[in-house]
Amino acid sequence: MSNHLKPRRKSRSKPQHAPPSDGKGGNEKVYGKHSVRAALIARPNDILKIYIAGKEDYHSEVIELAHRRNIPIFLVPWPEIEKAGKFAQDEKHQGIFCFTKPRRIYGEPDLKRLSKSKAVLLLDQVSNPQNLATIIRSAAFFRFDAIVYMKHRAATPTAEVVRFAVGGAEMIELYCVTNLASAMDGLADIGFTVLGLDERGERTLAQVEDHQKLAFVIGAEGEGLRRKTRDHCKELVKIPGGRNGVESLNAAVAATIAMYEAKRLVIS
């Protein structure tokens, strides 16, 4: 049972049947309170409909944002929202999800779009979905312009990753490439200084001179940067610290520290 909320009005009438789910034809499911809110802010025209279970007051901000944009909202009992969204048992939807048009994922030919950008993060086969989500969230927080990730042997921005990124995926451009070294060269061609984050670096992040455009490359969990990737970096830089038995940081933690430094260096 459901209740279709009309624009700018909270319905208190008895629930009616909601229309069938339309998560087909390439449309995407975005779930979780903060992720849906971020989608409403960043790309409202892509949102097709929103489903909500639980108390309306808990989702009042999302409801108001949707009303302003005339986006259909359906109130449904908790069991129905799980059925409508086809949620797995371990997917924590928080009683809210929406169907959207497909998220725009850019490719290597689109890198020229970043010619006026200041800060980009590249991921060298980062394969852990939770790490990818944390990196996306941090990149959005520090106002990075884009994340470049690999098509093969790497985590991708699935619905679960978008949920774990807590809205961050809506605030940053995502680029999927087959050849990371080629993408690094492409960014260098449009003025980026490409730095690899690696414990073998001779200088620390804090010692890097100011640059107008920085691109950081983060290596895979446990393996770090591949040799080919290191060869295409202008310089390797390290994060100071470490001790016997704890020589390196988690990929997401290292990426977050690098992005903080990039904010200090180039992002106003």
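According to numbering that gives the first Met the number 0, the stretch in the sequence shown is residues 0 to 267, in order.
Where a beta carbon is used, it is the ideal one built from N, C-alpha and C, also for glycine.
None of these values were measured; they are calculated from a predicted model.
For the pair of segments examined, the segment 89-97 was found to touch the segment 41-51: the number of CB pairs separated by less than 8 angstroms reaches three. Taken through DSSP and simplified to helix, strand or coil, K85 comes out as coil. No Cβ-Cβ contact shorter than 8 angstroms links V176 with K212. Contact between the segment 34-47 and the segment 59-73 is present, with at least three C-beta pairs closer than 8 angstroms. Taking the Cβ atoms as the reference, V119 lies roughly 33 angstroms from A87, outside the contact range of under 8 angstroms. DSSP places F163 within a helical segment (H, G or I) once states are collapsed to three. In this chain, L64 is not harboured by any beta strand (DSSP E); it is covered by the alpha helix (DSSP H) spanning S59 to R67. Rounded to the nearest whole angstrom, the CA to CA distance from T192 to E27 is 35 angstroms. The beta-bridge partner set that DSSP reports for V125 is empty. Cβ contact annotation for G25 (same chain, cutoff 7 angstroms, sequence separation greater than five): P101, in chain order. DSSP places K32 in the uninterrupted alpha helix (DSSP H) bounded by K32 to A41. Taking C-beta separations shorter than 6 angstroms and ignoring five residues to either side along the sequence, the partners of T133 in its chain run A251, following chain order. Under the three-state reduction of DSSP output, R226 falls in the helix class. When DSSP states are grouped into helix, strand and coil, T177 belongs to the coil group. Contact check between the segment 189-204 and the segment 148-167: fewer than three CB pairs, one atom from each, fall below 8 angstroms, which does not count as touching.
N249 is the residue among K262, N249 and Y259 whose C-alpha sits nearest the C-alpha of N127. Spanning the alpha carbons of S34 and N69 requires a straight line of approximately 19 angstroms. Nearest neighbour of E220 by Cα position, chosen from L186, N130 and D56, turns out to be N130. L110 is not a Cβ neighbour of A214, given a cutoff of 8 angstroms.
Taking a 10 Å sphere around the C-beta of T255, we find 16 or more other C-beta atoms and assign the residue as buried.
Leaving aside the five residues that flank R202 on each side, the residues in its chain whose CB is nearer than 6 angstroms to its CB run, in chain order, V236. Boundaries of the beta strand (DSSP E) harbouring M149: A145 to M149, taken from the DSSP string. Per the C-alpha coordinates, the member of N243, H231 and R225 positioned closest to Q124 is R225. Secondary structure of V252 (DSSP, three-state): helix.
Straight across, the Cα-Cα distance linking K85 with C232 is about 43 angstroms. Straight through space, the alpha carbons of R112 and N178 are spaced by roughly 18 angstroms. Between E172 and the set A158, Y148, D188 and F163, the nearest pair of CA atoms involves Y148.
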